[in-house]
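Everything on this sheet refers to the single structure shown next.
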Amino acid sequence: MESQALEAKTINMDHNEITNIPKSVFSLASNLIKLNLRDNALDSLIGPDLHELKTLVELDLGSNHLTELPTEINKLVALEVLRLNYNQLTMLD
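So in the working numbering, spot 35 of the sequence shown is number 136, and the numbers just go up one at a time.
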């Protein structure tokens, strides 16, 4: 089962009550292309480990409780789509 998670291209965890993202998502999903965390209860991301998702093309964080984004989001070099709608973001650096 663990090897399947390592080869996952898409992880869809929308419409749950997730409050934080386990570090294992960042380190084990090295081939991830799409991560959907829409409609959860996230108020922050684990910044330092976010850069592990080197192949991530699409990240959906809409409808959460985010107030800021970690600077490490700039290290997602393959990222083409970033959805942040319906959060509490007040400023982007």
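Idealized CB from N, CA, C, for every residue including glycine.
None of these values were measured; they are calculated from a predicted model.
What does a CB cutoff of less than 8 Å around N132 pick up in its chain, not counting 5 residues either side in sequence?
Around N132, the same chain offers L107, E108, A109, K110 and T156 as residues with beta carbons nearer than 8 Å, after the five sequence neighbours per side are excluded.
Considering Cα atoms alone, identify which of F127, H116 and A179 is closest to A142.
Here the closest residue by C-alpha is H116.
Going by DSSP in three states, K155 sits in which element: helix, strand or coil?
Here K155 sits in coil by DSSP.
Is the distance from the Cβ of N188 to the Cβ of L162 below 9 Å?
It is a contact, given that the beta carbons lie within the stated cut-off.
Does DSSP put K135 in a helix, in a strand, or in coil?
Correct three-state label for K135: strand.
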